[in-house]
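Since the structure comes first, as structure tokens, the remarks are kept for the end.
2 protein chains.
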Amino acid sequence: MGVTKTHIFSVQQNDLAQAAKVLAHPARIAILEHISKQEACICNDLVDVIGLAQPTISQHLNEIKKIGLLKGTFEGKNLCYCIDQDRWMELQQAFHDFFSNINRNCC
Amino acid sequence: MGVTKTHIFSVQQNDLAQAAKVLAHPARIAILEHISKQEACICNDLVDVIGLAQPTISQHLNEIKKIGLLKGTFEGKNLCYCIDQDRWMELQQAFHDFFSNINRNCC
DNA sequence: TAGCTTTATCGTAATATTGCAATATAAGAA
DNA sequence: TTCTTATATTGCAATATTACGATAAAGCTA
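Set out below in structure tokens:
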């Protein structure tokens, strides 16, 4: 066991959970916040800013990329990771909808 | 080594990540959605609706309660779990802020 | 009291996540 | 070509998460 039973939930529920999982680590929050403040972003930069080892940063970037929040473009030997605006707004909307559709109830 | 280095991140970053972690499971999304649709909520109800075993539901409810999103009130032998409106709006704001403070950048 | 119902906790197994050292890859500089 | 720099991948250890059967606790009902 220990494996999430995704099949018993809706696509929307799984998608939102998947997105939340990417945000469920302070390093990835920090990475996204940092990238959003830059004009461009070099990964090596992140190692210093975040304070985790280079392979660890690389893995976190990959998690973020997997749900489409980052676009990476090689600029020579350097890499420019940037936020995908469309996907960003898509997730923003998904979280907004989730938080909005809650009724005032008992207690 | 498998343990998140929370101390190198800000309180805000850790808090948001912690909240996201609770939403990072479709069962907990489903539980919150279901509770929000009810006037009251009995846990036994959730076992049927969600489709996970009773101890598993109980554990998920506990995770949600830990970040203050649920208030539980015993009504005799039954339990009424309800969403804490204040905390809900607090997290809604936190996610809203996070998603809003992203600059348009390169690529 | 004894039995029933509801929820919590314990124990355990399977799997996932986090982190990093070592190493690989790839592209520019000398 | 060799050296350097930047990023990715591999392998592994430590820890966390997910799930559930068994059982406990607590409050009804008869």
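Here the protein sequences come in this chain order: A and B.
Here numbering that gives the first Met the number 0 is used: the first residue of the first sequence is 0, the next is one more, and so on.
Here numbering that gives the first Met the number 0 is used: the first residue of the second sequence is 0, the next is one more, and so on.
Glycine included, each C-beta is placed from N, C-alpha and C at the ideal position.
Exercise for review: Please name the residue, chosen from B/51, B/26, B/77, that lies closest to residue 14 of chain A on a Cα-to-Cα basis.
Suggested key: Counting from one through the first sequence, the residue named residue 14 of chain A turns up at place 15. Ranking the options by Cα distance to residue 14 of chain A, first place goes to B/26.
Check your understanding: What whole-angstrom Cβ distance do residue 30 of chain A and residue 66 of chain A have, given they're in contact under 8 Å?
Key -> One-based indexing of the first sequence puts residue 30 of chain A at position 31. One-based indexing of the first sequence puts residue 66 of chain A at position 67. 13 Å between Cβ atoms; not a contact.
Exercise for review: List in chain order: all unbroken beta strand (DSSP E) runs of 3+ residues lying wholly within the region 39–75 of chain B.
Suggested key: As far as the region 39–75 of chain B is concerned, its whole beta strand (DSSP E) runs of at least 3 residues are 69–74.
Review point. Beta-carbon of residue 2 of chain B versus every beta-carbon of chain A: anything under 9 Å?
Key: For this step, residue 2 of chain B is matched to residue 3 along the second sequence. It does not; no Cβ of chain A falls within 9 Å.
Practice item. Out of B/55, B/61, B/28, B/7, state which residue places its alpha-carbon closest to the alpha-carbon of residue 16 of chain A. Key: Counting from 1 along the first sequence, the entry for residue 16 of chain A is found at position 17. Taking only the C-alpha atoms, the option nearest residue 16 of chain A is B/28.
Check your understanding: CB-CB under 6 Å to residue 90 of chain B, same chain, minus the five flanking residues each way: which ones, in chain order?
Key -> In the second sequence, counting from the first residue as 1, residue 90 of chain B sits at position 91. Hits under 6 Å: 18.
Exercise for review: Could you check which residue in B/8, B/83, B/95 has the C-alpha nearest to that of residue 33 of chain A?
Suggested key: Taking the first residue of the first sequence as 1, we reach residue 33 of chain A at position 34. For residue 33 of chain A, the nearest C-alpha among the options comes from B/8.
Exercise for review: Would you identify the three-state DSSP class for residue 13 of chain A, choosing helix, strand or coil?
Suggested key: Indexing the first sequence from 1 puts residue 13 of chain A at position 14. Correct three-state label for residue 13 of chain A: helix.
**Study point:** Cβ neighbours of residue 49 of chain A in the same chain (closer than 7 Å, five flanking residues each side left out)
**Key:** As a first step, residue 49 of chain A is located in the first sequence; it is residue number 50 there, counting from the start. Short of 7 Å from the beta carbon of residue 49 of chain A, and not among the five residues preceding or following it, lie these beta carbons of its own chain, in chain order: 26, 29, 30, 56.
Review point. Can you tell me whether DSSP reads residue 101 of chain A as helix, strand or coil?
Key: On the first sequence, residue 101 of chain A is found 102 positions in, with the first residue counted as 1. Looking at residue 101 of chain A - three-state DSSP - the assignment turns out to be coil, as it is neither helix nor strand.
Exercise for review: Let me know if residue 23 of chain A comes out buried or exposed under the rule of 16 or more other beta-carbons within 10 Å of its beta-carbon.
Suggested key: On the first sequence, residue 23 of chain A is found 24 positions in, with the first residue counted as 1. Result: buried.
Review point. When DSSP builds the beta bridges, which residues end up paired with residue 82 of chain A?
Key: Position 83 of the first sequence holds residue 82 of chain A. In the DSSP output, where bridge partners are listed per residue, residue 82 of chain A has A/69.
Point to revise | Where the alpha helix (DSSP H) containing residue 28 of chain B begins and where it ends | key: In the second sequence, the residue the question calls residue 28 of chain B occupies position 29. Following the DSSP letters along the chain, one finds residue 28 of chain B inside the alpha helix (DSSP H) bounded by residues 25–36.
Check your understanding: Who are the neighbours of residue 50 of chain A on chain B, taking C-beta pairs under 8 Å?
Key -> For this step, residue 50 of chain A is matched to residue 51 along the first sequence. Those within 8 Å of residue 50 of chain A in chain B are 4, 7.
Review point. Are the C-beta atoms of residue 46 of chain B and some chain A residue less than 9 Å apart?
Key: As a first step, residue 46 of chain B must be located in the second sequence, where it is residue number 47. No, residue 46 of chain B does not count as interfacial toward chain A.
Practice item. Ignore the nearest five residues each way along the sequence and tell me which others in residue 68 of chain A's own chain have a CB closer than 8 Å to its CB. Key: The residue you call residue 68 of chain A lines up with position 69 of the first sequence. The answer, listed in chain order, is 21, 31, 82, 83, 86, 87, 90.
Check your understanding: For residue 40 of chain A, which residues from the same chain have a beta carbon less than 7 Å from its beta carbon, with the 5 sequence-adjacent residues on both sides left out?
Key -> Here residue 40 of chain A refers to the residue found at position 41 of the first sequence. Contacts found: 34, 79, 80, 81.
Check your understanding: Along chain B, in chain order, which residues have C-beta atoms closer than 7 Å to that of residue 24 of chain A?
Key -> The count along the first sequence starts at 1 and reaches residue 24 of chain A at position 25. By Cβ distance, chain B contributes 3, 16.
Review point. Is the CB-CB distance between residue 36 of chain B and residue 102 of chain A below 9 Å?
Key: In the second sequence, the residue the question calls residue 36 of chain B occupies position 37. In the first sequence, the residue the question calls residue 102 of chain A occupies position 103. Judged by their CB atoms, residue 36 of chain B and residue 102 of chain A are nearer to each other than the 9 Å cut-off.
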